[in-house]
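Residue numbers (our numbering): 15 to 512. Where is the CB? At the ideal position from N, CA and C, for every residue including glycine.
This is how it looks when you write it as structure tokens:
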């Protein structure tokens, strides 16, 4: 594998290194038995194949050599030129990622039909939807123009987000809807378009009157707070500064304001290209409960990167311990650090062989088995909010941000009519405690239904909720006037004087 399996030589089979035996392989025509309440989805990176595929094609030798040198300044997402010379063919080919991942030509009708066949293939085998990876890289400028310079980097105007991409997504939507009509079960289509600007992102909902994805991945919260290690989406990551409440509020509002009417939102706070949530918001682990509360209580679909529900943090690996092919070449861009814990050897092996990656020191405190026995664990908090999210106020209710001038406190209303929930979290690099006064809300009744505070847990007074950075609460409220909701906040020192 040149890129953790994203260099695909056969789009209708699974490498047995990932699924030993029959598993969920293409030769099995039986739908796998999913966990109750779950529906399997597949990830497809359609823009490229693998050089191992090209080596098996006679056309590699037969086609005349037309492009014998790199003709543009286009850059690979992994660094360096996007062009690679093939000595067998005597010409260059394009690769937006690794040199082992040659681009497919989606302007060729045969390629598009072949990929539609791939979609049908997996739908027939029980897949309920697709995450389409790096979809913005399907098309490049047919005139092979140089990318425009923009100070010390290039703007990728000629290698990403071509309008033809949306036509391909519309074709896929038709295939999914055709199968859904025959089975009575809707199929999900998600565009992983991580680091494009908002106008380009929103076109993945619909294009020229055609329905496309159910939603494009919204990485707004992630890029506002992220420290990208490299790879994957070809850009993005955050500035590395602490993203406080105002920063997160702005990122959420920007997405919601740009979304087409009726579009279903979604939220992402972690992925394999970025440091762990716990690591990005220091000190380690303090803000994880609050941020997971944000993820699960905003309107739309939350996507949690595996392990963030446990409060996992980055591993610090020596170069010789890295197994990510990209990380071996560019250690600072390694995607290895987000490893996963369980119990001995983090549960990955009970034999003498070492696991794929070294386990995180102190992993025992974060493993699932232990956290399930701890009522105040990070996992318990995640499960509690996930259960609350089943309430209609969170599924269908309005979102109304409160106290929008507060830089350090993020608060909002999720409700239907005059009843709902007030969610509040203290996201700040400061260490000063504060007191939140809910008595000015105008609601006639209020009770605490989730309390993720480091201290003073279950000590609840409507007029004085003591909070420290990283704390979060959810209060159930009734008989409210949502358009007149008011909250007040005081620094503790000032509150004690009043």
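Report task. Just grab the DSSP bridge partners of residue 282 for me. Result -> 317
**Report entry** Assigned secondary structure, residue 203 (DSSP; H/G/I helix, E/B strand, else coil)
**Finding:** strand
Requested in this report: Sort 86, 491, 429 by Cα distance to residue 457 and report the nearest one.
Outcome: 491
Query raised in the report: Who are the near neighbours of residue 130 in its chain, counting only those whose CB is closer than 8 Å to its CB and skipping five residues on each side?
Result: 185, 186, 189
Query - Residue span of the beta strand (DSSP E) that contains residue 427, given as start and end - result: 423-430
Requested in this report: Evaluate residue 415 with the Cβ neighbour count: other Cβ atoms within 10 Å of its Cβ, from every protein chain shown; 16 or more gives buried, anything less gives exposed.
Outcome: exposed
Query raised in the report: Can you tell me where the beta strand (DSSP E) with residue 191 in it begins and where it stops?
Result: Not the beta strand (DSSP E): residue 191 falls in the alpha helix (DSSP H), residues 177-197.
Query raised in the report: Just reading off the alpha helix (DSSP H) that residue 5 is part of, what are its end residues?
Result: The chain is shown only over 15 to 512; residue 5 falls outside these bounds and no answer can be derived.
Query raised in the report: Out of curiosity, what's the CA-to-CA distance linking residue 431 and residue 150?
Result: 40 Å
Query raised in the report: Roughly how far, in whole angstroms, is the beta-carbon of residue 178 from the beta-carbon of residue 170, given that I think they are within contact range, below 8 Å?
Result: Contact flag wrong, Cβ pair sits at about 16 Å.
Query raised in the report: Mapping DSSP to helix, strand and coil, what is residue 124?
Result: helix
Query raised in the report: Using a Cβ-Cβ cut-off of 8 Å (strictly less than) and excluding sequence neighbours within five positions of residue 493, which residues of its own chain qualify?
Result: 432, 433, 457, 458, 459
**Report entry** residue 164, buried or exposed, once every other Cβ within 10 Å from all chains shown has been counted against 16
**Finding:** exposed
Report task. Pull up the distance between the alpha-carbon of residue 61 and that of residue 175, whole angstroms please. Result -> 12 Å
Query raised in the report: Once you ignore the five residues that flank residue 409 on each side, which residues in its own chain have a CB closer than 8 Å to its CB?
Result: 403
Query - Spatially closest choice to residue 128 from 26, 157, 181, by CA coordinates - result: 26
Query raised in the report: Which first and last residues belong to the alpha helix (DSSP H) in which residue 400 is found?
Result: 392-402
Report task. Label residue 321 either buried or exposed according to how many other C-beta atoms from any shown protein chain fall within 10 Å of its C-beta, with 16 as the threshold for buried. Result -> buried
Report task. Going by DSSP, name the residue or residues bridged to residue 97. Result -> 108
Query raised in the report: Per DSSP, what kind of secondary structure is residue 414 in: helix, strand or coil?
Result: strand
Requested in this report: Please work out which residues of its chain come closer than 6 Å, Cβ to Cβ, to residue 136, disregarding the five sequence neighbours upstream and downstream, and give them in chain order.
Outcome: 56
Query raised in the report: Secondary structure at residue 164, three-state DSSP: helix, strand or coil?
Result: strand
Query - Burial state of residue 109 (16 or more Cβ within 10 Å) - result: buried
Requested in this report: Pair every Cβ in the stretch 260-269 with every Cβ in the stretch 449-456, then say whether three or more of these pairs are closer than 8 Å.
Outcome: no
Query raised in the report: Taking Cβ to Cβ, would you say residue 485 is nearer than 8 Å to residue 304?
Result: yes
Report task. State the Cα-Cα distance for the pair residue 284 and residue 319, rounded to the nearest angstrom. Result -> 5 Å
Report task. Please report the residue range of the beta strand (DSSP E) in which residue 145 lies. Result -> 143-146
**Report entry** Straight-line Cα distance separating residue 239 from residue 255
**Finding:** 7 Å
Requested in this report: Go ahead and pull the three-state DSSP assignment for residue 308.
Outcome: helix
Requested in this report: With distances taken Cα to Cα, identify the nearest neighbour of residue 228 among 218, 391, 222.
Outcome: 218
**Report entry** Contact set for residue 299: own chain, Cβ-Cβ below 8 Å, skip 5 residues either direction
**Finding:** 292, 325, 327, 392
Query raised in the report: Roughly how many angstroms separate the alpha carbons of residue 20 and residue 122, rounded to a whole number?
Result: 22 Å
Requested in this report: Compute the Euclidean distance between the alpha carbons of residue 139 and residue 192, then round it to the nearest angstrom.
Outcome: 15 Å
Query raised in the report: What does a CB cutoff of less than 6 Å around residue 159 pick up in its chain, not counting 5 residues either side in sequence?
Result: 172
Report task. Could you name the residues of the same chain whose beta carbon sits closer than 6 Å to that of residue 214, not counting the 5 residues immediately before and after it, in chain order? Result -> 175
Query raised in the report: Given a threshold of 16 other Cβ atoms within 10 Å of its Cβ, counted over all protein chains shown, does residue 455 qualify as buried or as exposed?
Result: buried
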